[in-house]
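In the numbering used here, the protein residues as written are 55 to 731.
From the three backbone atoms N, C-alpha and C, an ideal C-beta is built for every residue, glycine too.
As the structure is a prediction and not an experimental result, all values here were calculated from the model.
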RNA sequence: GGACCAGUAGUUCAGUGGAUAGAAUGGCUGCCUGCGGAGCAGUUGGUCGUCGGUUCGAAUCCGAUCUGGUCCGCCA
């Protein structure tokens with residue numbers, strides 16, 4: 055069999071190259087392509103380039119090659135069209151070999167090309183300040199499928215989640231959470247959603263306080279102290295009135311106007327949408343917390359030190375709960391992490407201080423008062439980083455310690471990455487993180503260079519992707535404004551259940567179907583888009599079950615499987631038919647049949663290409679094309695009613711192989727197959 | 001001001017140097033409920049943001065430009 059070792063396309067290419075060498079003494083590398091339609095053959099070689107090298111007209115060269123070409127087993131016909139040499143495959147042997155290969159593989163398309171690699175995929179790593187929303191979820195899906203893809207290529211894959219429990223944004227949440235807890239108010243919804251409400255509320259209080267203090271500091275005293283955490287209408291209009299005549303610079307003044315309006319709007323919106331949490335917390339906070347801003351700072355600093363046991367357990371409890379909510383959502387969608395790394399653990403390890411000392415010693419820190427900046431351009435230029443990564447511009451430096459001497463999150467990130475690969479003895483590490491973090495991600499690598507660890511840095515890659523917006527608006531955790539996978543899941547499930555009512559399924563079956571359809575629907579909707587393109591999430595479209603959707607793929611599987619089932623009901627011995635495969639005749643006449651087989655042959659190479667180019671979406675799109683080819687086959691090539699029996703058997707084999715293809719693809723894109731729908 | 005990304009049928013998206021740029025959906029026209037459904041066939045629709053360049057050949061590579069998004073010293 056030719057492609058036990060190499061693909062027929064490559065094989066033919068080598069033959070042609072040999073001819074060129076023998077005949078013209080020319081060593082060259084040809085490229086092959088697929089002709090636009092089957093009428094023009096199955097493999098095509100443009101000869102323009104070679105013709106030019108030899109100074110022979112392309113058509114003349116094609117004729118010369120055609121004369122020397124003989125390959126009766128796999129090629130039926132060789133034709134010349136302009137400067138193209140077109141080969142027509144022998145359908146009989148190509149089909150048979152392809153199908154036998156699919157049959158004999160445990161998992162068709164599985165490979166060992168990455169079997170020497172140990173790969174970390176860090177993904178999701180969402181702030182524990184609320185539930186996962188569809189935007190985070192794009193991250194989860196992409197990370198998960200990249201990992202699955204590498205695993206299918208033979209790599210050992212380790213999925214990690216970095217828990218960002220140290221940010222300043224956490225503190226107000228902790229404060230609010232415990233205010234409610236002391237009052238005996240417990241979550242009445244999924245806990246991460248509950249946390250999301252508290253976070254949005256407390257953060258708004260904090261921002262209002264900061265705004266008021268800022269206004270005070272520039273001499274605008276139109277705000278009252280007794281309602282430090284809320285804005286009244288009179289208050290805002292009075293402030294804006296005074297501000298108009300204030301001698302601030304235009305842009306600064308505009309910014310203040312904007313933030314007054316925004317906070318006023320957010321406050322009212324929260325009050326209206328989540329009155330339970332919002333009103334209760336406003337009461338509690340204004341009564342018990344005299345200075346939220348101050349308390350937030352104290353909490354952050356203390357937690358970073360990690361010495362105050364009581365405070366540590368307060369922080370850990372809340373973040374743990376939020377994280378549990380994330381994990382619950384992820385697991386619902388069949389996404390699992392192997393390890394969780396806590397940012398606070400990194401901070402407490404003392405590694406950050408060591409790193410700062412070392413960077414200082416290596417003279418890569420810029421001083422600005424107490425603040426420290428990483429001299430990215432100096433590192434990039436002096437240590438060959440810019441050259442290696444082909445960066446030609448001057449790189450701005452990045453702040454890693456603020457003017458109060460407090461280390462910022464990039465410090466922890468650098469420390470984390472210094473030892474991250476060791477945790478799994480990894481040969482490579484993908485960080486699946488939104489594209490807005492390109493610069494910080496670059497900073498980490500530069501810092502590792504600056505620390506004399508370029509080998510580690512070179513093994514880290516930022517897999518970035520675009521954001522997900524909602525129709526007409528962005529998602530905003532701080533405003534409790536988002537769509538969660540959980541709620542879309544419920545919507546799709548309801549939709550499916552309505553459809554299933556008309557059918558005769560047991561409760562258990564119906565549950566299984568609606569759950570698997572719901573997850574595939576959402577996952578596929580996001581996965582199939584190019585990661586670099588902005589997704590506008592439209593719930594109505596994600597709920598759609600036809601067209602290019604996850605459920606449509608599942609439906610195709612069930613449809614194909616049904617043929618096999620029916621065959622068994624007609625007392626056909628499938629195993630026996632399959633074991634006779636080698637004797638089968640594939641004198642294919644139907645175009646639809648041929649296209650399907652050719653596409654199945656392509657599957658392993660699609661996967662390799664997807665892994666190499668880091669395009670998980672291409673696997674999804676290929677799956678859809680394959681399924682579309684199957685439906686065309688289904689419509690034009692009767693299987694069970696095919697006559698004679700030998701034709702029926704060969705088509706049964708095709709259907710069986712198609713199922714195996716889908717099983718492999720589903721494993722990679724992480725959707726479940728269903729036996730019936 | 002600098003950097004990165006995107007711009008393709010009315011719409012949602014494929015297509016990372018090859019032939020007449022594909023699919024789905026929408027619109028229009030037929031057929032039909034025949035292994036499993038609102039299915040099938042046909043038809044309509046694009047100066048691939050714009051302008052240059054490289055090439056036998058460009059949606060694809062290079063340069064400029066427009067539009068949108070994101071980032072660029074104290075959030076993560």
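Contacts around residue 368, its chain only, beta-carbon distance under 7 Å, and the 5 residues preceding and following it disregarded = For the purposes of this step, residue 368 is taken as the residue at position 314 of the first chain. Taken in chain order, the residues that qualify are 228 and 232.
CB residue 147 to CB residue 127, shorter than 9 Å?
-> Your numbering for residue 147 matches position 93 in the first chain. Your numbering for residue 127 matches position 73 in the first chain. Yes, the Cβ-Cβ distance between residue 147 and residue 127 is below 9 Å.
How big is the Cα-Cα spacing for residue 553 and residue 331?
-> Here the question's residue 553 lines up with position 499 in the first chain. Here the question's residue 331 lines up with position 277 in the first chain. Going by the C-alpha atoms only, they are around 37 Å apart.
Rounded to a whole number of angstroms, what is the C-alpha to C-alpha distance between residue 569 and residue 709?
-> Stepping through the first chain from its first residue, residue 569 is reached at position 515. Stepping through the first chain from its first residue, residue 709 is reached at position 655. Taking the straight line joining both Cα atoms gives about 26 Å.
If you draw a straight line from the alpha carbon of residue 539 to that of residue 627, how long is it in whole angstroms?
-> In the first chain, counting from the first residue as 1, residue 539 sits at position 485. In the first chain, counting from the first residue as 1, residue 627 sits at position 573. If I take the Cα positions, the gap works out to 44 Å.
Go ahead and pull the three-state DSSP assignment for residue 253.
-> The sequence position of residue 253 within the first chain is 199, counting from 1. Looking at residue 253 - three-state DSSP - the assignment turns out to be helix.
Determine the contact status of residue 543 and residue 573, defining contact as a CB-CB distance below 9 Å.
-> Along the first chain, read from residue 1 onward, the residue named residue 543 stands at position 489. Along the first chain, read from residue 1 onward, the residue named residue 573 stands at position 519. Their beta carbons are under 9 Å apart, which means residue 543 touches residue 573 by this criterion.
By DSSP, does residue 57 sit in helix, in strand, or in coil?
-> Taking the first residue of the first chain as 1, we reach residue 57 at position 3. Confidence at residue 57 is low in this model, with a pLDDT of 47, below 50, so its placement is unreliable and the value that follows should be read with caution. Of the three classes helix, strand and coil, the one that applies to residue 57 here is helix, per DSSP.
What did DSSP end up calling residue 557 once you bin it into helix, strand or coil?
-> One-based indexing of the first chain puts residue 557 at position 503. Of the three classes helix, strand and coil, the one that applies to residue 557 here is coil, per DSSP.
Look up residue 131 in the DSSP assignment and say whether it is helix, strand or coil.
-> For the purposes of this step, residue 131 is identified with residue 77 of the first chain, where counting begins at 1. Three-state DSSP puts residue 131 in a strand.
How would you call residue 305, buried or exposed, if buried means at least 16 neighbouring beta carbons within 10 angstroms?
-> On the first chain, residue 305 is found 251 positions in, with the first residue counted as 1. Counting every other CB atom within 10 Å of its CB across the protein chains shown gives residue 305 a total below 16, marking it as exposed.
In chain order, what residues of the same chain lie with their CB nearer than 7 Å to the CB of residue 670, ignoring the 5 residues before and after it?
-> For the purposes of this step, residue 670 is identified with residue 616 of the first chain, where counting begins at 1. Hits under 7 Å: 196, 199, 200, 203, 581 and 664.
So which of 62, 77, 236 and 75 has the shortest CA-CA distance to residue 86?
-> In the first chain, counting from the first residue as 1, residue 86 sits at position 32. Comparing Cα-Cα distances from residue 86 to each of 62, 77, 236 and 75, the minimum goes to 62.
Collapsed DSSP secondary structure at residue 710 in the structure displayed = Here residue 710 refers to the residue found at position 656 when the first chain is read from its first residue. Secondary structure of residue 710 (DSSP, three-state): helix.
Anyone know if the C-beta pair for residue 730 and residue 559 falls short of 9 Å?
-> Counted from its first residue, the first chain places residue 730 at position 676. Counted from its first residue, the first chain places residue 559 at position 505. Yes, these two residues count as a Cβ contact at 9 Å.
From which residue to which residue does the alpha helix (DSSP H) around residue 693 run?
-> As a first step, residue 693 is located in the first chain; it is residue number 639 there, counting from the start. Where residue 693 is concerned, there is no enclosing alpha helix (DSSP H), given that its DSSP letter is neither H nor E.
Residue 659 - DSSP class collapsed to helix/strand/coil | Here residue 659 corresponds to residue number 605 of the first chain, with the count starting at 1. Here residue 659 sits in helix by DSSP.
Rounded C-alpha distance that separates residue 69 from residue 715 | Looking up residue 69 in the first chain gives position 15. Looking up residue 715 in the first chain gives position 661. One C-alpha to the other measures close to 30 Å.
Inter-residue Cα distance where the pair is residue 644 and residue 678 = The count along the first chain starts at 1 and reaches residue 644 at position 590. The count along the first chain starts at 1 and reaches residue 678 at position 624. About 21 Å.
Where residue 202 sits in the DSSP three-state scheme = Looking up residue 202 in the first chain gives position 148. It is helical.
Distance CB(residue 471)-CB(residue 502) smaller than 9 Å | Counted from its first residue, the first chain places residue 471 at position 417. Counted from its first residue, the first chain places residue 502 at position 448. In contact: residue 471 and residue 502 (Cβ atoms closer than 9 Å).
Name the two residues that bound the continuous alpha helix (DSSP H) containing residue 329.
-> Sequence index remark: in the first chain, residue 329 carries index 275 (1-based). Looking at the DSSP string, the run of the alpha helix (DSSP H) that includes residue 329 is 329-342.
Report yes if the C-beta distance between residue 314 and residue 294 is below 9 Å; otherwise report no.
-> Start at 1 with the first residue of the first chain, and residue 314 comes out as number 260. Start at 1 with the first residue of the first chain, and residue 294 comes out as number 240. Yes; because the gap between Cβ atoms is below 9 Å, this pair is in contact.
Look at the alpha carbon of residue 693 and the alpha carbon of residue 212, and state the distance between them as a whole number of angstroms.
-> In the first chain, the residue the question calls residue 693 occupies position 639. In the first chain, the residue the question calls residue 212 occupies position 158. So the two alpha carbons sit approximately 43 Å from each other.
Could you check what DSSP says for residue 582 in three-state terms: helix, strand or coil?
-> The residue given as residue 582 occupies position 528 in the first chain. Residue 582: coil per DSSP, three-state reduction.
Helix, strand or coil: how does DSSP classify residue 387 here?
-> Start at 1 with the first residue of the first chain, and residue 387 comes out as number 333. The answer is coil: DSSP assigns residue 387 none of H, G, I, E or B.
Whose CA, out of 240, 182, 590 and 167, lies closest to the CA of residue 209?
-> As a first step, residue 209 must be located in the first chain, where it is residue number 155. Of 240, 182, 590 and 167, the smallest CA-CA separation from residue 209 is found for 167.
Between residue 311 and residue 271, what straight-line distance do the alpha-carbon atoms span, to the nearest angstrom?
-> To locate residue 311, count along the first chain from 1; it is residue 257. To locate residue 271, count along the first chain from 1; it is residue 217. The alpha-carbon atoms of residue 311 and residue 271 are separated by roughly 16 Å.
Apply the 10 Å Cβ neighbour rule to residue 421 and answer buried if 16 or more other Cβ atoms are within range, or exposed otherwise.
-> Locating residue 421 in the first chain gives position 367, where the first residue counts as 1. Classification of residue 421: exposed, given that the 10 Å Cβ count is below 16.
If you run the structure through DSSP and keep just helix, strand and coil, what is residue 719?
-> Residue 719 sits at position 665 when you count from the first residue of the first chain. Residue 719: helix per DSSP, three-state reduction.
Beta strand (DSSP E) segments (min. 3 residues) lying fully within the segment 503-582 = 514-517 and 522-524
In its own chain, which residues sit with a C-beta less than 7 Å from the C-beta of residue 728, not counting the 5 before and 5 after it?
-> Walking along the first chain from the start, residue 728 turns up at place 674. 567, 570, 608, 611 and 612.
May I ask you to report which of helix, strand or coil DSSP gives residue 396?
-> On the first chain, position 342 is the one that residue 396 refers to. DSSP places residue 396 in strand when its eight states are reduced to three.
Residue 468 - containing alpha helix (DSSP H), residue span = Position 414 of the first chain, counted from the start, is the residue given in the question as residue 468. Run containing residue 468: 463-474, per the alpha helix (DSSP H) assignment.
When the Cα of residue 483 is compared with those of 183, 515 and 95, which residue comes out closest?
-> Position 429 of the first chain holds residue 483. Of the candidates 183, 515 and 95, the one whose C-alpha sits nearest the C-alpha of residue 483 is 515.
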